[in-house]
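The structure appears below as structure tokens.
Numbering (our numbering), first residue to last: 305 to 442.
Listed below in structure tokens is the structure:
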């Protein structure tokens, strides 16, 4: 079993808030992240796949194909977007790094696993240099 990781990058804005709470309660819970004018991050995304090396090609998956999948299903939907307003797979969800990481995994699982013998192992998402979330599926 080999694990291969592809790193990608995107920039996006979001806001942490609950409509049913007052501005004061949102600020108390989420601090500056509740800014009504949004705030942004330079996200780093690590997608790890696993499986057996194909001896015919010498690799698990063509990394150009993996890059294409990540860009089509995730980067194009998130880069320079507002996560709360513009991203279809985040509609109705809190735009936390944790939930974003889970939803990115969900977006990538089927197209990656359409390749025979390739399995999505994990998605790791860095919101800042010091803060990240990692999801391995259910």
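Where a beta carbon is used, it is the ideal one built from N, C-alpha and C, also for glycine.
Check whether the Cβ atoms of residue 422 and residue 353 lie closer than 8 Å to each other.
-> Cβ distance < 8 Å, so residue 422 and residue 353 count as in contact.
Nearest-angstrom Cα distance between residue 440 and residue 378?
-> Cα to Cα, residue 440 sits roughly 17 Å from residue 378.
Residue 379 beta carbon near the ligand COA (any heavy atom closer than 7 Å) | Absent from the structure shown: the ligand COA. Ligands present: none.
Using CA coordinates, which residue listed in 425, 347 and 430 is at the minimum distance from residue 413?
-> Of 425, 347 and 430, the residue nearest in Cα terms is 425.
Identity of the residue in 409, 338 and 365 nearest residue 442 by Cα | Closest option to residue 442, Cα to Cα, is 409.
Report all residues from its chain with a CB closer than 6 Å to the CB of residue 384; omit the five preceding and five following residues, and keep chain order.
-> Excluding residues within five positions, the ones whose Cβ falls inside 6 Å are 315.
For the beta strand (DSSP E) holding residue 330, just list the boundary residues, first then last.
-> For residue 330, there is no enclosing beta strand (DSSP E); the enclosing alpha helix (DSSP H) has its first and last residue at 327-334.
Indicate the three-state DSSP secondary structure (helix, strand or coil) for residue 351 in the structure shown.
-> In the structure shown, residue 351 sits in a strand (DSSP, three-state: E or B).
Rounded to a whole number of angstroms, what is the C-alpha to C-alpha distance between residue 438 and residue 328?
-> Near 31 Å, if we compare the C-alpha coordinates of residue 328 and residue 438.
Beta carbon of residue 365 nearer than 8 Å to that of residue 430 = Judged by their CB atoms, residue 365 and residue 430 are not nearer to each other than the 8 Å cut-off.
Around the C-beta of residue 359, are 16 or more other C-beta atoms found within 10 angstroms, so that it is buried, or is it exposed?
-> Taking all protein chains shown into account, residue 359 has fewer than 16 neighbouring C-beta atoms within 10 Å of its C-beta and is therefore exposed.
To which residues of the same chain is residue 400 closer than 7 Å at the C-beta, ignoring the five residues directly before and after it?
-> Here residue 400 has 320 as same chain residues with Cβ atoms under 7 Å from its own Cβ, once five neighbours each way along the sequence are excluded.
Apart from the five residues just before and just after residue 307, which ones in its own chain have a Cβ nearer than 8 Å to its Cβ?
-> Contacts found: 352, 353, 354 and 425.
Identify which residue in 349, 356 and 404 has its Cα closest to the Cα of residue 371.
-> Looking only at 349, 356 and 404, the smallest Cα-Cα distance to residue 371 is reached by 349.
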